[in-house]
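In my numbering, the protein residues as written are 673 to 817. Virtual Cβ for every residue (Gly too), placed ideally from N, Cα, C.
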């Protein structure tokens, strides 16, 4: 998705949530779009020095509520933030239990399809309708190992 398309989609989602697409929210989205991995608030602030911490935090809260940003909490000091999959692509996460680093990983289509079928079957056995799945793989990164 191009940057223009991304910002158009985010603006539409915010309007649906009766929110405005402010300059601060746009800056946060731009930082997250440029990132290769989910970012913590301090990492977002380092990526765009014009953002004030309180404004960035408030912007993240609105973006999460509107379904634009996904908040990942893995028990470390900071939550990580990334654009919602509907704006990017389906992926999973490698989570370092040592330093808290989170890395996006994609799996081959055949593996995703097999997992989708298995999850749908498991959900169906319990009268549940699955809409999506997410997988976090925990371990230690190269530096913490």
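Item	Value
Pick from 712, 751, 788, 730 that is closest to residue 694, judged by C-alpha positions	730
Inter-residue Cα distance where the pair is residue 723 and residue 717	6 angstroms
Range of the contiguous beta strand (DSSP E) that encloses residue 776	774-777
Cβ neighbour criterion (16 or more within 10 Å) applied to residue 697	buried
Nearest-angstrom Cβ-Cβ length linking residue 743 and residue 753, presumed shorter than 8 angstroms	6 angstroms
Counterpart residues of residue 753 in DSSP-defined beta bridges	711, 743
CB-CB length for residue 765 against residue 808, believed under 8 angstroms	5 angstroms
Where residue 809 falls: helix, strand or coil (DSSP)	strand
DSSP state of residue 798 mapped onto helix, strand, coil	coil
Which listed residue (785, 792, 701) has its alpha carbon closest to that of residue 762	785
Which of helix, strand or coil DSSP assigns to residue 723	coil
Local conformation of residue 763 per DSSP, three classes	coil
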